[in-house]
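Numbering (this note's numbering), first residue to last: 72 to 302.
In this text, a Cβ means the ideal position worked out from N, Cα and C, and glycines have one as well.
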């Protein structure tokens, strides 16, 4: 009989199952840029916003929020802005709003469904980007899909991020604010220690958990890193 710890340490597919049943267009929430998409799964619907480039290159990014969910990400709308900028380079984006924010396993399943949807659209090589709670989500999700070619963890928690050891040769970018009072800088250093393959740690002096103090530098860093990874 599994103890709670045994259950947590078991592979995700032994604890939960999910199937992507299809997707429908939906209005983009609150007039946000991009096209609204509802993913229908056996565990409920996942709301997303899709940004498709005019120049299709078969690559994309899946963006995962913090524990409160939402679409826009840290640093005053980082995900929204970069989705538009990357589309200009031929990189698609899918911004995901969790069914059950703050639930690691359920949110990991949401991100996996988002990756499967991107693959069904022809974006078979993707990067996963997550902030805070979402850092653990995307690192955990990367364990279960070969479509994920690299991962970015922004001001990440460590729960779920233990799977950084299983990234293999897939690169990991870890970004953290040195003045983060929500999740300490040692989290980023721990993720780097866990990672088994190519890895890079970038820290910003004076930046807090939301990385609002370094929006321009962060946007440039991610746009270049994701472009170099995927193109």
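- Excluding the 5 residues flanking it on each side, residue 89 has same chain C-beta neighbours closer than 8 Å at 112, 113, 114, 180, 183 and 184, in chain order.
- By the criterion of a C-beta distance shorter than 8 Å, residue 286 is surrounded in its chain by 146, 147 and 149, once the five residues flanking it on both sides are discounted.
- Around the beta-carbon of residue 136, 16 or more other beta-carbon atoms lie within 10 Å, marking it buried.
- Collapsing the DSSP output to three states places residue 198 in a strand.
- DSSP places residue 95 inside the beta strand (DSSP E), whose first and last residues are 91–97.
- Per the C-alpha coordinates, the member of 161, 269, 157 and 134 positioned closest to residue 209 is 134.
- The beta carbon of residue 141 lies closer than 7 Å to those of 168 in the same chain, with the five residues before and after it left out.
- In this structure, the alpha-carbon of residue 276 lies about 5 Å from that of residue 249.
- The C-alpha of residue 120 is placed about 6 Å away from the C-alpha of residue 165.
- When 207, 106, 230 and 152 are compared, the shortest CA-CA separation from residue 291 is found for 152.
- It is roughly 23 Å from the alpha-carbon of residue 230 to the alpha-carbon of residue 293.
- DSSP lists 118 as the beta-bridge partner residues of residue 168.
- For residue 150, the three-state secondary structure derived from DSSP is helix.
- Residue burial is scored here from C-beta neighbours: residue 117 has at least 16 other C-beta atoms within 10 angstroms and is therefore classed as buried.
- Listed as beta-bridge partners of residue 87 by DSSP are no residues whatsoever.
- Looking at the backbone, the Cα of residue 110 and that of residue 192 are separated by about 13 Å.
- Within its own chain, the residues whose Cβ lies closer than 8 Å to the Cβ of residue 162, once the five positions on either side in sequence are excluded, are 124, 128, 130, 131, 132, 297, 298, 301 and 302, listed in chain order.
- Judged by DSSP secondary structure, residue 251 falls outside any beta strand (DSSP E); it is assigned neither H nor E.
- Distances from the CA of residue 176 to each of 204, 198 and 101 were compared; the closest alpha carbon is that of 204.
- Closest by C-alpha distance to residue 279, out of 251, 260 and 257, is 251.
- Non-local C-beta neighbours of residue 269 in its own chain, meaning closer than 8 Å and more than five positions away in sequence, comprise 240, 241, 242 and 243, ordered along the chain.
- Comparing C-alpha distances from residue 282 to each of 263, 219, 247 and 258 shows the shortest one belongs to 247.
- Secondary structure of residue 163 (DSSP, three-state): strand.
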